[in-house]
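Chemist: Okay, handing you the structure first.
Number of protein chains: 2
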Amino acid sequence: MSGLVLHSYFRSSTSVRLRVALNLKGLAYGYVAHHLRKNEQRSAAYLALNPQGLVPALVLEDGTVLTQSLAVIEYLDEMVPEPPLLPRDPTGRARVRALTYAIACEIHPLNNLRVLSHLKSVLGASEDMTAAWFRHWVVETFGALETMLASDARTGCFCHGDAPGMADICLYAQVLNNRRFDVEMSAFPTISRIFEACSALPEFAEAAPDRQPDAE
Amino acid sequence: MSGLVLHSYFRSSTSVRLRVALNLKGLAYGYVAHHLRKNEQRSAAYLALNPQGLVPALVLEDGTVLTQSLAVIEYLDEMVPEPPLLPRDPTGRARVRALTYAIACEIHPLNNLRVLSHLKSVLGASEDMTAAWFRHWVVETFGALETMLASDARTGCFCHGDAPGMADICLYAQVLNNRRFDVEMSAFPTISRIFEACSALPEFAEAAPDRQPDAE
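Going down the list, the protein sequences come from chains A and B.
1 is the number of the first residue of the first sequence in the numbering used here; add one for each residue after it.
1001 is the number of the first residue of the second sequence in the numbering used here; add one for each residue after it.
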């Protein structure tokens, strides 16, 4: 696959996910930044490309626009099978997807920028209340995730075996994001160990916010 | 597949999703109810089965526990290929997954029972503020979803072509859920049309909350 263009924001954790996946697959891509705090993702031009007005989006060489980070990661895994981001056995695939969605459906949607802004502007939440909200939903799910990882023999150096996959990608992006709200990680040793294993790989490290062209 | 046991709550919209998928695949299942308003999903016995303490979970005949509705639906689609819940072409699959995640990652996580309870108990939101919160996140994403469906020739009687799939399952469960908060649907004619097409099928209708053994 060539001629890929990624619409991204350096700090967006769903953008981090997709950058890691592209790096793991060895795919080069052009980078278009949209500054979320300036609402650039709500411009008419970008809404024509992605009606949800969210990053990331990946534009293929033929102009096809793919949205929603996990849908794009599944697509990349189908089109570029090596290295696999999901195991080969259906039960293992179900496990990795469940770990993935634990983060992608139970933590991230509650804690992204537009939700935190809404809490402040509409519900009158203070900075402290907003930070407590962020930490609450992380801790709620990370407690269960820690158990799911620590109690299962299929967990290896990474969430499932000894190679990184889709669940590790979401875990990495979430733990990076947590740092902005000082989430205490000592109760989550397995998650922390896997995060460190991810961080040691250049495909992950190079996808981090501070390595992007639009980093502040 | 036989000997399946579904852990469910009649009103849970992720449970609705999984019941529809099981019905579409023609799979019979035993039904174990967990009353979310009584916190039965937080019992020690259920937490041993699913550390997240969420419904649904599907237990296979060999005792394997599958969690997270979308992970289970993908598993069912891999194990029982007919009728397919995802298209055969990778770009079509990416589209259906993006439509699915628009609902599953941008609406439902913000609007489930535990989040609405937290808004009231921790942030002091009133019933009216909580209902407005629910409607806000539905309308925000349904506006984009309506555009994504109405502007794409791949939309047919259902979200993608003329047979129901994973995106329709999530759309159906979400629209059912909306009724409890009086979401005005006139701005979403394509979504409404697809909801009606789903409702006309027994596999969907029989998965609705009021048809479950634990319905109140």
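Cβ atoms here follow ideal geometry from the backbone N, Cα and C, with glycine treated the same way.
Just confirm the distance between the C-beta atoms of residue 1102/B and residue 1141/B, as a whole number of angstroms; I'd bet it's less than 8 Å.
Modeler: Along the second sequence, read from residue 1 onward, the residue named residue 1102/B stands at position 102. Along the second sequence, read from residue 1 onward, the residue named residue 1141/B stands at position 141. Indeed they touch by this definition, with Cβ atoms about 6 Å apart.
Chemist: Short of 8 Å in beta carbon distance, which residues of its chain neighbour residue 1165/B, apart from the five on each side in sequence? Order them along the chain.
Modeler: Here residue 1165/B is taken as the residue at index 165 of the second sequence, counted from 1. Within the same chain, residue 1165/B has close Cβ partners 1084, 1085, 1086, 1087, 1096, 1158, 1159.
Chemist: Output, in sequence order along the chain, the residues in the stretch 1101-1128 of chain B whose CB is closer than 8 Å to any CB in chain A.
Modeler: Answer set for the stretch 1101-1128 of chain B: 1101, 1102, 1104, 1105, 1106, 1108, 1109, 1110, 1115, 1118, 1119, 1122, 1123, 1125.
Chemist: Got a sec: which bits of the stretch 64-80 of chain A sit with their beta carbon under 7 Å from any beta carbon on chain B, in order along the chain?
Modeler: Residues 64, 66, 67, 68, 70, 71, 72, 74, 75, 78, 79.
Chemist: In or out: residue 53/A buried (at least 16 other Cβ within 10 Å) or exposed?
Modeler: As a first step, residue 53/A is located in the first sequence; it is residue number 53 there, counting from the start. When all chains shown are included, residue 53/A counts as buried.
Chemist: Which residues of the stretch 145-162 of chain A have a Cβ closer than 9 Å to any Cβ of chain B? Give them in chain order.
Modeler: Those residues of the stretch 145-162 of chain A that come within reach of chain B (Cβ to Cβ, closer than 9 Å) are 145, 146, 147, 148, 151.
Chemist: Do residue 193/A and residue 113/A have their beta-carbon atoms positioned less than 9 Å apart in this structure?
Modeler: In the first sequence, the residue the question calls residue 113/A occupies position 113. In the first sequence, the residue the question calls residue 193/A occupies position 193. No, they are not a contact pair.
Chemist: Identify the contact partners of residue 1093/B in chain A, using a Cβ-Cβ distance below 9 Å as the criterion.
Modeler: The count along the second sequence starts at 1 and reaches residue 1093/B at position 93. Residues of chain A passing the Cβ test: 71, 74, 75, 78.
Chemist: Using the Cβ count rule (16 or more neighbours within 10 Å means buried), how would you classify residue 1100/B?
Modeler: Taking the second sequence and counting its residues from 1, the one referred to as residue 1100/B is at position 100. Result: buried.
Chemist: Are there three or more Cβ pairs, one per stretch, closer than 8 Å when the stretch 1039-1048 of chain B is compared with the stretch 1015-1022 of chain B?
Modeler: No, the stretch 1039-1048 of chain B does not touch the stretch 1015-1022 of chain B.
Chemist: Would you say residue 1098/B reaches chain A, if we count a Cβ-Cβ gap shorter than 9 Å as a contact?
Modeler: Locating residue 1098/B in the second sequence gives position 98, where the first residue counts as 1. True, the Cβ-Cβ gap to chain A drops below 9 Å.
Chemist: Please state whether the Cβ-Cβ distance between residue 33/A and residue 10/A is less than 9 Å.
Modeler: On the first sequence, residue 33/A is found 33 positions in, with the first residue counted as 1. On the first sequence, residue 10/A is found 10 positions in, with the first residue counted as 1. Taking 9 Å as the Cβ cut-off, residue 33/A and residue 10/A qualify as a contacting pair.
Chemist: For residue 43/A, does the count of other Cβ atoms within 10 angstroms reach 16, so buried, or fall short, so exposed?
Modeler: The residue labelled residue 43/A in the question sits at position 43 within the first sequence. Classification for residue 43/A: exposed.
Chemist: Classify residue 92/A as helix, strand or coil using the three-state DSSP reduction.
Modeler: Looking up residue 92/A in the first sequence gives position 92. Helix, per DSSP.
Chemist: Mind the definition here: the stretch 1195-1210 of chain B touches the stretch 1170-1185 of chain B only if three or more C-beta pairs lie below 8 Å; say whether that holds.
Modeler: With the cut-off at 8 Å, the stretch 1195-1210 of chain B and the stretch 1170-1185 of chain B touch.
Chemist: What is the DSSP secondary structure of residue 1034/B, counted as helix, strand or coil?
Modeler: Taking the second sequence and counting its residues from 1, one reaches residue 1034/B at position 34. Residue 1034/B falls in the coil class under three-state DSSP.
Chemist: Return no unless some Cβ of chain B is closer than 9 Å to the Cβ of residue 143/A.
Modeler: Position 143 of the first sequence, counted from the first residue, corresponds to residue 143/A. Output row for residue 143/A: interface = yes.
Chemist: Does the beta-carbon of residue 1180/B have 16 or more other beta-carbons within 10 angstroms, so that it is buried, or is it exposed?
Modeler: Sequence index remark: in the second sequence, residue 1180/B carries index 180 (1-based). It is exposed - the Cβ of residue 1180/B has fewer than 16 other Cβ atoms within 10 Å.
Chemist: Have a look at the DSSP bridge pairing and note the partners of residue 29/A.
Modeler: Counted from its first residue, the first sequence places residue 29/A at position 29. Looking at the DSSP assignment, residue 29/A forms a beta bridge with 4/A.
Chemist: List the whole-angstrom C-beta distance separating residue 1090/B from residue 106/A, where the pair is believed to meet the contact cut-off of C-beta under 8 Å.
Modeler: By one-based count along the second sequence, residue 1090/B stands at place 90. By one-based count along the first sequence, residue 106/A stands at place 106. Not a contact, Cβ separation roughly 27 Å.
Chemist: Under 9 Å between the Cβ atoms of residue 1119/B and residue 1129/B?
Modeler: Here residue 1119/B refers to the residue found at position 119 of the second sequence. Here residue 1129/B refers to the residue found at position 129 of the second sequence. Yes. Within cutoff.
Chemist: In this structure, how does DSSP classify residue 165/A when only helix, strand and coil are distinguished?
Modeler: In the first sequence, counting from the first residue as 1, residue 165/A sits at position 165. Residue state, collapsed to three classes: coil.
Chemist: Can you tell me whether residue 1189/B is buried or exposed, with buried defined as 16 or more other CB within 10 angstroms of its CB?
Modeler: The residue you call residue 1189/B lines up with position 189 of the second sequence. Classification for residue 1189/B: exposed.
Chemist: Among residues of its own chain, excluding the 5 on either side of residue 12/A, which ones have a beta-carbon nearer than 6 Å to its beta-carbon?
Modeler: The count along the first sequence starts at 1 and reaches residue 12/A at position 12. Around residue 12/A: 55.
Chemist: What do you get for residue 1213/B, buried or exposed, if any count of 16 or more other CB atoms within 10 angstroms of its CB means buried?
Modeler: Numbered from 1 along the second sequence, position 213 holds the residue referred to as residue 1213/B. Exposed, because fewer than 16 other Cβ atoms sit within 10 Å of the Cβ of residue 1213/B.
Chemist: Indicate the three-state DSSP secondary structure (helix, strand or coil) for residue 1155/B in the structure shown.
Modeler: Counting from 1 along the second sequence, the entry for residue 1155/B is found at position 155. Of the three classes helix, strand and coil, the one that applies to residue 1155/B here is strand, per DSSP.
Chemist: Mind checking whether residue 4/A and residue 82/A have CB atoms under 9 Å apart?
Modeler: For the purposes of this step, residue 4/A is taken as the residue at position 4 of the first sequence. For the purposes of this step, residue 82/A is taken as the residue at position 82 of the first sequence. For residue 4/A and residue 82/A, no; Cβs fall outside 9 Å.
Chemist: Under the rule that 16 or more other beta-carbon atoms within 10 Å means buried, what is residue 154/A, buried or exposed?
Modeler: The residue labelled residue 154/A in the question sits at position 154 within the first sequence. Under this definition residue 154/A is an exposed residue.
Chemist: Run through DSSP, which three-state label would residue 1208/B get?
Modeler: For the purposes of this step, residue 1208/B is taken as residue 208 along the second sequence, with counting starting at 1. In the structure shown, residue 1208/B sits in coil (DSSP, three-state: anything other than H, G, I, E or B).
Chemist: When the cut-off is 9 Å and only beta carbons count, does residue 1053/B lie next to chain A?
Modeler: As a first step, residue 1053/B is located in the second sequence; it is residue number 53 there, counting from the start. Yes - at least one Cβ of chain A is within 9 Å of the one on residue 1053/B.
Chemist: Roughly how many angstroms lie between the CA atoms of residue 28/A and residue 1117/B, to the nearest whole one?
Modeler: Taking the first sequence and counting its residues from 1, the one referred to as residue 28/A is at position 28. Taking the second sequence and counting its residues from 1, the one referred to as residue 1117/B is at position 117. Cα-Cα distance, rounded: 45 Å.
Chemist: Run through DSSP, which three-state label would residue 984/B get?
Modeler: Missing from the structure shown is residue 984/B; chain B here goes from 1001 to 1216 and no further.
Chemist: Skipping 5 residues on each side, what residues in its chain have a beta carbon closer than 6 Å to that of residue 1134/B?
Modeler: Locating residue 1134/B in the second sequence gives position 134, where the first residue counts as 1. For residue 1134/B, where only same-chain residues beyond five positions count, the Cβ hits under 6 Å are 1111, 1181.
Chemist: Let's see if you can read the secondary structure: which residues bound the alpha helix (DSSP H) around residue 59/A?
Modeler: Counted from its first residue, the first sequence places residue 59/A at position 59. No alpha helix (DSSP H) holds residue 59/A; the beta strand (DSSP E) holding it covers 57-59.
Chemist: Using only the alpha-carbon positions, how far apart do residue 1148/B and residue 1092/B sit?
Modeler: Numbered from its first residue, the second sequence carries residue 1148/B at position 148. Numbered from its first residue, the second sequence carries residue 1092/B at position 92. Roughly 13 Å between the two C-alpha positions.
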